[in-house]
Every structure is written in C-alpha cells, then in structure tokens.
Amino acid sequence: MRYSLAASSLLGLAAALPQRINIDAALAVPTPSILGPNIEATKPAETTYNPVAAASAVAAVVESEGVIEKRDSLTVGKRDACDTQPLGNGPTISPDTAAAFSSAAELSEIAQNAGTPSGYQQSFVDKSGSSQQIGYLTYKTYPTYDVQGCADACDSEKYCLGFNIYFERDPSLEPGPNCPNPPSTNNIKCSLYGYPVAAKAATNTGQWRQDFQVVIAGSNGYSKTNKGLPSVKDFKAPTSLPAAINAPLDNGYDTYNGMRLFNDNPFDPSLCAAACEAQTEYDMAHPDSDGTYKPCNFFTTYILTQNGVPLGTYCAFYTRSWDPSYAVNTGYYAGDDEYKVINAGSYEITSPNLSPSPSPSPSPSPSPSPSPSPSAVDITPTPTPTPTPTPTPTPTPAPTPLNTCGGISPRKSATIPQRTIRMGSGANFERSLCNSFCRSLGTCRSYGLSGPNCELYPLPVAQVAWLSDADGAATSVSYTFYDIGCA
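In my numbering, the protein residues as written are 313 to 799.
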C-alpha cells in the first residue's frame with residue numbers, strides 16, 4: 313500500500329506515529345445494513361438510536377473482546393398488490409416516465425434555488441441520488457421543498473448532524489401483476505443523519521418495483537457548521553480540538569492505549585467513554601508480568617472521513633491527558649484516498665485510575681560458603697613449562713559489511729516493501745518520521761530512505777540491501793538503510 317502525507321498533517325508526527333490513525337482497522341469495521349430510508353416505506357419510523365443501550369453494548373464488547381452483531385435490515389409490512397399509496401405533493405411531471413422525472417428542469421430549478429438554513433452549510437446540490445451513508449436516523453415527508461423545515465427537524469433530533477432533501481418518483485399504487493407500472497406520485501422526502509452528509513455518498517439513484525422505476529431528482533444535502541461536543545458521564549467537560557492528538561513519549565513511556573471505531577450509530581462520544589472505562593477493566597484483569605497495566609484516563613474522539621464520506625466515530629485512548637497543543641494530525645492521503653479528521657474533541661476522566669508500580673523482583677538468597685575440610689592440605693602445584701606457540705597465519709580481512717544503521721546501497725529487486733510512503737510535497741523524507749512509521753507497523757524490521765520515499769521492510773537490512781551480483785537483481789535507486797533498532 314502506498315501512502316502520501318499531506319504537509320499539514322506532518323507537524324508533530326515524528327514523535328508520535330505509534331498512534332497514527334489506524335486506517336486499516338477503521339476500514340475493517342463492517343458497514344451497517346441500514347444507510348438510508350427504505351424506498352418501499354410509506355410512513356416514517358421513529359428514531360430508534362438508544363445511547364445507553366449502545367454504550368452498554370460497547371462496554372460488553374471491549375471487556376470480552378467479542379463482536380457486536382449488526383442490526384437487522386429495516387422491514388416493511390407486506391402490502392397487497394395495487395393498494396393505494398400515499399400521494400406526494402411534489403410537482404407533477406409530464407410525460408410520466410422515469411427519464412422525464414430525472415431530467416425535469418422544474419425540479420432542478422427548485423433545488424438549485426433553495427437557500428441554506430442558518431447553522432448549516434450546503435454539502436451538495438441538485439444530485440440525482442439520495443444519501444446512502446452511515447448514521448441514518450429517520451426520514452420525513454413534506455408538502456413543499458422545505459429546506460428550513462428539514463433543518464428544524466434535524467435540530468430537534470439530538471444526534472442529527474446533517475440532512476438530505478430530495479424529490480422521489482414513487483408508485484401511486486403498490487406494484488403487482490395487475491398493476492406492474494402504475495401512475496407515479498412525487499414525494500418530497502427529508503432524511504436525517506447522525507453524521508455530516510457527503511456528496512460522494514449521494515448514490516441511491518432508485519430501484520425497480522415490478523415495472524415501475526423509482527428515481528431521485530433535485531437532491532440537496534446540508535451539514536451543521538457547529539456540531540458541538542456533548543458532555544459524557546464520568547468525564548470532565550469536553551475540549552474542542554482542531555485535529556487529532558499526536559502525543560509524545562512521556563519520559564520514555566508510551567501513553568497511547570489503542571483505538572476503536574464505531575459506525576452503527578450516529579456520532580456519539582459516549583461510546584468512546586464506555587470503551588475507555590471497559591478497556592481499563594480489561595487491562596486490570598490482564599496485567600503485564602510485573603503487575604502493571606495501562607489504564608484509560610483520557611480519550612480523543614472525532615469523525616473520520618474517507619474522501620469526505622464519514623467512516624464513523626473514531627476513539628483514541630491514552631493513560632494521561634494531553635493539551636490541545638498536541639492536536640496537529642488533520643489527516644493524510646493513502647493512495648488516491650484522502651482521510652480527514654473533523655469535529656475532534658478530548659475527554660479527561662474525572663477520577664483517574666493509576667497503574668501500580670512494578671512488583672520488585674525477589675532478591676536471590678546467598679549461597680552458604682562451604683566449610684573447610686578439617687584434613688585439608690595446602691598443596692602448591694609444580695609449574696608446567698609453557699610450550700613455544702606455533703605462529704598463526706594472519707587471515708585475509710573479510711569485506712566490510714554494509715552499515716545497517718545508515719549504509720547506502722541499492723535494494724534487492726526481489727524484496728517487496730510492506731509500505732511505501734511518499735511525501736506529498738516532494739521534500740526529502742525525514743529519518744525520524746520513517747522510523748516512527750516502521751515502529752507503528754508491528755512486523756517492520758528495517759526501513760530505507762530515498763528522497764521523498766520511505767520504504768518499510770519485514771526483513772533486517774542485511775537481507776534487504778543489494779551488496780553483490782550474488783544477491784540477484786538490484787534496483788536502479790540507492791537507499792539509506794536502517795534496522796529498526798538503530799539509535
């Protein structure tokens with residue numbers, strides 16, 4: 313995998329990359345099954361998110377290292393074929409075809425001329441797809457394209473951070489064998505989300521129901537500009553942060569204590585709090601061999617996005633608090649993907665948990681001195697003459713091996729790096745930064761630097777560097793190599 317770091321995200325990374333945003337772990341979390349309104353639903357459902365139940369489930373997972381099951385897909389009660397469906401209030405489009413609806417200038421004009429409510433920013437305008445992303449809460453229907461009414465609905469929901477309003481071409485009768493393609497009706501829908509809505513997530517372009525085609529038009533998205541951070545039980549008031557924390561070592565001690573990402577829910581820092589406290593319980597029950605453990609006394613939380621689309625509530629845990637001056641990690645690039653940190657904040661536990669000092673090792677008992685034998689006799693040995701040594705030929709000195717802490721050499725072409733990280737600005741890669749990347753990857757044994765590139769290897773330098781023709785083919789570029797243990 314190839315990474316490219318944005319210049320704005322580099323500040324402060326060198327000392328703290330063991331806590332670099334764990335993109336692989338974030339992407340490994342299964343996507344929830346419900347990402348938006350069910351097209352077949354005719355009546356909005358109440359918001360079902362229960363933060364207390366969600367926090368309890370999180371605590372159970374962390375304490376047992378189990379897995380949270382995904383919630384079931386939203387089901388819709390069975391309706392009889394050709395039953396009358398609720399009629400919408402959107403403009404009637406003629407001719408009554410999906411193509412005419414999708415290209416209707418009237419619907420586009422309404423969407424493009426819609427204002428932006430106070431406290432919101434427009435995320436996208438006049439799309440032909442509705443939002444399909446994590447954090448779905450509920451939807452509502454309106455008699456007009458009422459952006460302000462939709463914003464008011466979002467404001468009334470505690471966890472709502474964005475909404476999507478759009479026209480949807482729906483059947484006026486439940487499609488069935490005797491009415492496979494009934495006349496259409498135009499519903500104006502507003503779906504609410506617990507994360508900011510993203511243009512790249514407006515991908516639900518409709519579906520077929522028998523011979524009737526459901527399509528979307530005039531889809532606008534709006535996200536809150538001041539998202540705020542809620543208070544959390546057992547933790548002090550939150551501190552807003554401009555970015556994620558990159559904490560240095562504390563007198564040689566790594567205070568970072570892992571991460572979690574939650575996506576089957578709206579953005580909710582209380583999930584991080586539950587995981588933090590459960591992590592302490594787990595670590596207390598599984599201490600190190602010297603009796604110590606790493607308590608969680610502080611966490612940062614934020615919305616992690618991939619190309620603008622929210623991935624979930626990211627939590628990073630620490631044994632102690634860090635002030636906002638360490639909040640410098642705004643995100644970075646991995647290949648063609650951009651990962652960003654938004655709505656970041658930190659929480660410090662009210663009553664810190666202190667890990668015990670290491671148990672002292674027992675001192676070995678001194679061995680008793682043997683008692684002298686009563687009949688011991690002091691015997692002075694007769695010296696043996698020293699033989700004349702035979703001269704040893706001086707060996708031919710072996711070729712000096714490559715310095716594994718700063719040696720310069722091409723790399724064996726057969727060696728494939730685990731990671732190749734490139735500075736987006738084209739500047740030379742700092743050794744300390746490359747070293748931190750290597751240490752953050754559990755299987756990295758050495759690394760090589762060449763201009764803006766940092767390569768991480770699963771083998772020591774002696775097995776990576778090209779020294780002679782016997783090593784096979786060599787790369788055309790030379791690298792400065794370091795084993796991970798180099799000072």
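Glycine is no exception: its CB is placed at the ideal position from the N, C-alpha and C atoms.
Where T755 and Q730 are concerned, what is the direct C-alpha to C-alpha distance, given to the nearest angstrom?
As a first step, residue 755 must be located in the sequence shown, where it is residue number 443. As a first step, residue 730 must be located in the sequence shown, where it is residue number 418. Answer to the nearest angstrom: the Cα atoms are 9 Å apart.
Compare the beta carbon distance of G474 and S435 with 8 Å and say whether it is the shorter of the two.
As a working mapping, residue 474 is identified with position 162 in the sequence shown. As a working mapping, residue 435 is identified with position 123 in the sequence shown. Yes; because the gap between Cβ atoms is below 8 Å, this pair is in contact.
Taking the runs of the alpha helix (DSSP H) that are 4 residues or longer, which of them lie wholly in the stretch 547-591?
The qualifying runs do not exist here; there are none.
Specify the secondary structure class of R743 as computed by DSSP and reduced to three states.
Position 431 of the sequence shown, counted from the first residue, corresponds to residue 743. Helix, per DSSP.
Mind checking Y614: buried by the 16 CB within 10 Å criterion, or exposed?
If you number the sequence shown from 1, residue 614 lands on position 302. So Y614 counts as buried.
Taking the continuous beta strand (DSSP E) assigned at Q818, which residues delimit it?
Residue 818 lies beyond the residue range present for the chain, which begins at 313 and ends at 799; the question has no answer from this structure.
For E767, write down the residues that DSSP places opposite it in a beta bridge.
Reading the sequence shown from its first residue, position 455 is the one you call residue 767. DSSP, once it has assigned bridges, lists T732, G760 as partnering E767.
Can the beta-carbon of L768 be found closer than 8 Å to that of T792?
Position 456 of the sequence shown, counted from the first residue, corresponds to residue 768. Position 480 of the sequence shown, counted from the first residue, corresponds to residue 792. Their beta carbons are not under 8 Å apart, which means L768 does not touch T792 by this criterion.
Quick one, which of I477, S637, D467, R521 has its alpha-carbon nearest T537's?
Sequence index remark: in the sequence shown, residue 537 carries index 225 (1-based). Taking only the C-alpha atoms, the option nearest T537 is D467.
Which one or two residues does DSSP pair with L616 in a beta bridge?
Residue mapping note: residue 616 aligns to position 304 of the sequence shown, counting from 1. Looking at the DSSP assignment, L616 forms a beta bridge with G624, V653.
Check for me: the alpha helix (DSSP H) holding A774 runs from which residue to which?
Translated into the one-based positions of the sequence shown, residue 774 becomes position 462. Looking at the DSSP string, the run of the alpha helix (DSSP H) that includes A774 is 773-776.
What does the alpha-carbon distance come out to for the pair G378 and D595?
The sequence position of residue 378 within the sequence shown is 66, counting from 1. The sequence position of residue 595 within the sequence shown is 283, counting from 1. Because G378 carries a pLDDT of 26, less than 50, the predicted location of this residue cannot be relied on, and the following value inherits that uncertainty. Spanning the two alpha carbons is a distance of roughly 15 Å.
Can you have a look at A529 and say buried or exposed, based on whether 16 or more other CB atoms are within 10 angstroms of its CB?
By 1-based counting over the sequence shown, the position of residue 529 is 217. Label assigned to A529: buried.
Taking only three categories from DSSP, how would you classify S633?
Position 321 of the sequence shown, counted from the first residue, corresponds to residue 633. Coil, per DSSP.
Check whether the Cβ atoms of P489 and A393 lie closer than 8 Å to each other.
Stepping through the sequence shown from its first residue, residue 489 is reached at position 177. Stepping through the sequence shown from its first residue, residue 393 is reached at position 81. In this structure, A393 lies closer than 8 Å to P489 by Cβ.
With 16 as the cutoff for other CB atoms within 10 Å, does N414 come out buried or exposed?
As a first step, residue 414 must be located in the sequence shown, where it is residue number 102. Here the sequence assigns Ser to residue 414, which means Asn is not the residue at that position. The residue is buried, with at least 16 neighbouring Cβ atoms inside 10 Å.
Between the C-alpha atoms of D781 and A799, what's the straight-line distance to the nearest angstrom?
By one-based count along the sequence shown, residue 781 stands at place 469. By one-based count along the sequence shown, residue 799 stands at place 487. Distance between the alpha carbons of D781 and A799: 30 Å.
What whole-angstrom Cβ distance do V437 and Q424 have, given they're in contact under 8 Å?
On the sequence shown, residue 437 is found 125 positions in, with the first residue counted as 1. On the sequence shown, residue 424 is found 112 positions in, with the first residue counted as 1. About 6 Å separates the two Cβ atoms, so the contact holds.
Under the rule that 16 or more other beta-carbon atoms within 10 Å means buried, what is Y565, buried or exposed?
Translated into the one-based positions of the sequence shown, residue 565 becomes position 253. Under this definition Y565 is an exposed residue.
Counting Cβ pairs closer than 8 Å, one from the stretch 549-569 and one from the stretch 447-464, do we hit at least three?
The stretch 549-569 vs the stretch 447-464: no contact.
Near Y432, what residues of its chain come up, given a Cβ to Cβ distance below 7 Å and the 5 sequence neighbours on each side ignored?
For this step, residue 432 is matched to residue 120 along the sequence shown. Counting only Cβ-Cβ distances below 7 Å, and skipping sequence neighbours, we find A463, Y534, S535, K536, T537.
List the residues that DSSP assigns as beta-bridge partners of Q519.
If you number the sequence shown from 1, residue 519 lands on position 207. Note: Q519 sits in a beta bridge opposite V526.
Below 8 Å CB to CB, which residues in the same chain sit around D408 once its five sequence neighbours on both sides are set aside?
Counting from 1 along the sequence shown, the entry for residue 408 is found at position 96. Within the same chain, D408 has close Cβ partners P495, S496.
Whose C-beta lies closer than 6 Å to the C-beta of G518 among residues of the same chain, with five residues either side of it excluded?
The count along the sequence shown starts at 1 and reaches residue 518 at position 206. Excluding sequence neighbours, G518 sits near V526, V527, I528.
Report yes or no: do the stretch 654-665 and the stretch 566-577 share at least 3 C-beta pairs separated by less than 8 Å?
Counting Cβ pairs under 8 Å, fewer than three are found: no touch.
At the level of alpha carbons, what is the spacing between T625 and A587?
For the purposes of this step, residue 625 is identified with residue 313 of the sequence shown, where counting begins at 1. For the purposes of this step, residue 587 is identified with residue 275 of the sequence shown, where counting begins at 1. So the two alpha carbons sit approximately 12 Å from each other.
Answer yes if the stretch 619-639 comes into contact with the stretch 507-523, meaning at least three C-beta pairs across the two stretches below 8 Å, and no otherwise.
Yes, they touch.
From Y630 to A646, what distance separates their C-alpha atoms?
The count along the sequence shown starts at 1 and reaches residue 630 at position 318. The count along the sequence shown starts at 1 and reaches residue 646 at position 334. Between Y630 and A646, the C-alpha separation is close to 25 Å.
DSSP on S406, reduced to helix/strand/coil?
Taking the sequence shown and counting its residues from 1, the one referred to as residue 406 is at position 94. Correct three-state label for S406: coil.
Buried or exposed, going by whether 16 or more other CB atoms sit within 10 Å of the CB of L322?
Position 10 of the sequence shown holds residue 322. Its pLDDT being 30, under 50, L322 is placed unreliably by the model, and nothing is read from it.
How big is the Cα-Cα spacing for R521 and P487?
Here residue 521 refers to the residue found at position 209 of the sequence shown. Here residue 487 refers to the residue found at position 175 of the sequence shown. Each residue's Cα considered, the two are about 6 Å apart.
Going by C-alpha to C-alpha distance, which of G447, K501, T404, N476 sits closest to N577?
The count along the sequence shown starts at 1 and reaches residue 577 at position 265. With distances taken between Cα atoms, N577 lies closest to G447.
If I measure Cβ to Cβ from P492 and keep anything under 8 Å in the same chain, skipping five residues before and after, which residues do I get?
Start at 1 with the first residue of the sequence shown, and residue 492 comes out as number 180. If we look at P492 and ignore the five residues flanking it on each side, its Cβ neighbours are Q522, D523, F524.
For N532, which of G427, D482, T450 has the nearest alpha-carbon?
Stepping through the sequence shown from its first residue, residue 532 is reached at position 220. When each option's Cα is compared against that of N532, the closest is G427.
Look at the Cβ atom of P429, then the Cβ atom of L553, and state whether they are nearer than 8 Å.
Indexing the sequence shown from 1 puts residue 429 at position 117. Indexing the sequence shown from 1 puts residue 553 at position 241. Cβ distance not < 8 Å, so P429 and L553 don't count as in contact.
Identify the continuous beta strand (DSSP E) that holds E838 and give its terminal residues.
The first residue shown for the chain is 313 and the last is 799, placing residue 838 beyond what the model contains.
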